[in-house]
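Chains A and B supply the protein sequences, listed in that same order. Okay, so the first sequence: first residue is 25 according to the working numbering, each after it adds one. Okay, so the second sequence: first residue is 25 according to the working numbering, each after it adds one. Even glycine gets a Cβ: it sits at the ideal position worked out from N, Cα and C. Predicted model, so just to flag it, every value in this text is computed and none were measured. Working notes, beginning with the structure itself.
Protein chains: 2
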Amino acid sequence: MRTDTVYKKAFNRVASMLHDGELVGELPSENELKRRLGVSRTTVRKVLQELVHRKLIAERNGIRMAERTVDENDYYPDAETTPRAKHVEQQFMEWMLRGDTRPGTSINELELARQFGVATNGIREFLIRFSRFGLIEKRPNTGWLFKGFTEDFALELFEIRMMFELRSAHLFSQQPENSPLWAKLAALKIAHVDLLKRIESRFHDFSGLDNRFHRLINEASPNRFIDDFYDIISFIFHYHYQWNKQDEKQRNKAALLEHITYIEALESRNSVRIAKACRAHLASAKATLMRSLIALEE
Amino acid sequence: MRTDTVYKKAFNRVASMLHDGELVGELPSENELKRRLGVSRTTVRKVLQELVHRKLIAERNGIRMAERTVDENDYYPDAETTPRAKHVEQQFMEWMLRGDTRPGTSINELELARQFGVATNGIREFLIRFSRFGLIEKRPNTGWLFKGFTEDFALELFEIRMMFELRSAHLFSQQPENSPLWAKLAALKIAHVDLLKRIESRFHDFSGLDNRFHRLINEASPNRFIDDFYDIISFIFHYHYQWNKQDEKQRNKAALLEHITYIEALESRNSVRIAKACRAHLASAKATLMRSLIALEE
DNA sequence: AGCATGAACTTTATCCATAAAAAACAACTT
DNA sequence: AAGTTGTTTTTTATGGATAAAGTTCATGCT
């Protein structure tokens, strides 16, 4: 059966809106809620129905009002708000990055399905999606081959990344003075400086900034293939560093400083300086990844 | 039910081997056939069984020999030797490139499934696979968006292609003198010259050469992401030109000449000359594609 | 007319079933 | 011991079913 994660997530969302006093007095219409929650009206209605049923809200002559205050165990557990496909992704990534899965291992759909508690279809769809990351390969009628999260992989990844980023940074710097992206860049710089001040406690926030920064650079002259490639990078890094936290603070602090230099280079519009800052930053990111790969081997 | 296309294809293969006298006297062992056909022994046995049943071969005290001569209608029809997934691919590409599918159209899995006569699962898997080509986009719980085989698409595609190819051509030229790839390049050049002589009748053969050439260039310093990207290109071109044959002969002849120039540039090891030939060739390929896109609009 | 709710219909996400194909195991032969 | 064939088990490719979520149609209210 299809999971009802969309509903549960929407429900939690409304509950927390009630809790935070974002919905005072008469509740918005179904259509308005639909817009705010980004789900269909069908789902909105289901949420409302349950809210009434639990007496969190009450409906009197067509007007819906908050009734009871929301408490902690009105919320559905987080795990129930994530669709199956996402769970498969997480479990697979853990299996791959954490387990002792060696390069050359073959991947068995049925076995993973059993292990993850889902139908084989879900596994297969995930693997198809995942195959574009270059880490697995399909052999028809036979199964999938895990090629390994190896040094080669990282080298090839960074080679492309470097090409793309140099290209995008260059084009970014060539934008007209009145482009709104310059203002965005300035704002991002401030965010960097702010984070740097609080780095001791807030170092986790870096990955959000990192993402924003690299995506911003691509915005100047969009290319879907570059965007897609950046998705690969984010994905890989997200999971890799999620299970590999050594030196996180230090790593992020260094990257933050590199970003600032890089941003200033962009602001200078000086090609040579830009290329240099870009190269330096990527070289450092690469070195960090390589180091952690070697650590994994042991 | 799973199709038995693997079996049928293997059967046809063996039948044509018998026909062509590639299997004289005692037939090879099951294991040997398995190796030659690239299928499992289970399938080999099924083929043999059917061959016996149809009296194409006979088995006398453990020895299998040809019995009857193979005739035209011993073969299974071609359509039955292609797996469902491939059919879906073909039908989808036709639907997309030939039909009046406009950018922005949304793609309905169920409707396609009905139209193509397959289960929705197959459509979905295809779409997931296809999504990396940058022509469609998934909107969760809702469906897929067809972004269109547009001018933008072609521009973005060629931008990346140019970056990759310049990089690969450069690295190719830097290979040591004793690399075996130089010999391969020379052989390919001869094949080009040969084809040029027969271009009037054999112009269809160009696409095979084109593929070999571009893949050869990448071989010097492999990068999986570049290979993958080249898969996208081949795929797109394959289908696009399959339904768009205008000027095919002339187009191929021009490309053949460009390739020869390009190969000679590589052989010269002269960077400037290489970059120039590479650019010229890609610019021309791009112009051809753009022209045919505009033709489509009308 | 324009927006709200209610109800019916359609499509997606997900599981399950099964024949075909592959792989593993077993017994036999040289 | 290594290669054959026979048999059994496992896995993949494909179809089908269904609850959840999305969309459309209908009705009613300002």
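Q. Apart from the five residues just before and just after E56 of chain A, which ones in its own chain have a Cβ nearer than 6 Å to its Cβ?
A. none
Q.
At the 8 Å Cβ level, is D252 of chain B part of the contact set with chain A, yes or no?
A. Chain A, which has a Cβ nearer than 8 Å to the Cβ of D252 of chain B, makes this yes.
Q: Name, going along the chain, the residues of the segment 26–48 of chain B whose beta-carbon falls closer than 8 Å to a beta-carbon of chain A.
A: V30
Q. Quick one, which residues of the segment 168–184 of chain A are near chain B if we go by CB-CB under 9 Å, in chain order?
A. The segment 168–184 of chain A vs chain B, Cβ under 9 Å: K171, D176, F177, L179, E180, L181, E183, I184.
Q) Taking the C-alpha atoms as reference points, what is the distance between D98 of chain A and E74 of chain A? A) 11 Å
Q. What do you get for H77 of chain B, buried or exposed, if any count of 16 or more other CB atoms within 10 angstroms of its CB means buried?
A. exposed
**Q.** Where the beta strand (DSSP E) containing W206 of chain A begins and where it ends
**A.** Careful: W206 of chain A lies outside any beta strand (DSSP E), inside the alpha helix (DSSP H) at 204–221.
**Q.** As assigned by DSSP and simplified to three states, the class of M89 of chain B
**A.** strand
Q) A193 of chain A lies in the alpha helix (DSSP H); which residues open and close that run? A) 175–197
Q.
I need the straight-line Cα distance from K171 of chain B to F253 of chain B, nearest angstrom please.
A. Roughly 19 Å separates the two Cα atoms.
Q: Taking N145 of chain A as the query, report the chain B residues whose CB atoms sit under 8 Å from its CB, ordered along the chain.
A: N145
Q: Give the secondary structure of E201 of chain A by DSSP, where H, G and I count as helix, E and B as strand, and everything else as coil.
A: E201 of chain A carries a coil assignment under DSSP once its states are collapsed to helix, strand and coil.
Q.
Taking 8 Å as the threshold (C-beta atoms), are I147 of chain A and A133 of chain A in contact?
A. At residue 133 of chain A the sequence reads Glu, which differs from the Ala that was named. E133 of chain A is a Cβ neighbour of I147 of chain A, given a cutoff of 8 Å.
Q: Would you tell me roughly how many angstroms separate the C-alpha atoms of T328 of chain A and N165 of chain B, rounded to the nearest one?
A: Because chain A here runs from 25 to 322, residue 328 of chain A falls outside it and cannot be looked at.
Q. Ordered along the chain, which non-local residues of its own chain (more than five positions away) have a Cβ less than 7 Å from that of R163 of chain B?
A. Cβ within range, chain order: L169.
Q. When you compare only the Cα positions, how much space is there between A311 of chain A and R275 of chain B?
A. 46 Å
Q. Taking the C-alpha atoms as reference points, what is the distance between E243 of chain A and F196 of chain A?
A. 8 Å
(Q) Looking at L136 of chain A: is its Cβ nearer than 8 Å to the Cβ of V94 of chain A? (A) It is not a contact, given that the beta carbons lie outside the stated cut-off.
Q.
Quick check on N242 of chain A - is its C-beta less than 8 Å from some C-beta in chain B?
A. Chain B contact via Cβ: absent.
Q.
If distances are taken between C-alpha atoms only, which option among A:D44, A:S292, A:F116 comes closest to I260 of chain A?
A. A:F116
Q. Does the distance from the C-beta atom of F35 of chain A to that of Y100 of chain A stay below 8 Å?
A. yes
Q: Measuring only between beta-carbons, confirm whether N55 of chain B sits less than 8 Å from chain A.
A: no
Q) Hey, how far is the Cα of S295 of chain B from the Cα of A210 of chain B? A) 18 Å
**Q.** Contacts that E149 of chain B makes with chain A (C-beta to C-beta distance below 8 Å)
**A.** R148, E149, I152
Q) With respect to the beta strand (DSSP E) encompassing G167 of chain B, which residues constitute its N-terminal and C-terminal limits? A) 167–170
Q. For S231 of chain B, which three-state DSSP category applies?
A. helix
Q.
Less than 8 Å between C-beta atoms, sequence neighbours within five positions excluded: which residues of the same chain meet that for L280 of chain A?
A. H216, L219, L220, I223, F230, L233
Q. Using the beta-carbon of each residue, which ones in chain B are nearer than 8 Å to G232 of chain A?
A. Neighbours of G232 of chain A on chain B: none; closest Cβ ~22 Å, over 8 Å.
Q: Locate the beta strand (DSSP E) running through E113 of chain A, then write down its first and last residues.
A: From DSSP, E113 of chain A is part of no beta strand (DSSP E) but of the alpha helix (DSSP H) over 108–121.
Q: Could you list which residues in chain B have their beta carbon closer than 8 Å to that of R108 of chain A, in chain order?
A: Within 8 Å Cβ-Cβ: nothing; R108 of chain A doesn't reach chain B, min ~12 Å.
(Q) I believe H283 of chain B touches F237 of chain B by the beta-carbon criterion, under 8 Å. Please report the beta-carbon distance rounded to the nearest angstrom. (A) 6 Å
Q.
8 Å is my cut-off, CB to CB: does R191 of chain B come that close to chain A?
A. yes
Q. What is the residue span of the beta strand (DSSP E) that R163 of chain A lies within?
A. Looking at the DSSP string, the run of the beta strand (DSSP E) that includes R163 of chain A is 160–163.
Q: Provide the residue(s) that pair with S130 of chain A in DSSP beta bridges, ordered along the chain.
A: DSSP, once it has assigned bridges, lists A:L169 as partnering S130 of chain A.
Q: Could you tell me which uninterrupted alpha helix (DSSP H) segments, each at least 4 residues in length, are contained entirely in the segment 228–272 of chain A, listed from first to last along the chain?
A: 230–243, 248–266
Q. How about the segment 112–128 of chain A and the segment 261–269 of chain A: do they share at least three Cβ pairs that are nearer than 8 Å?
A. yes
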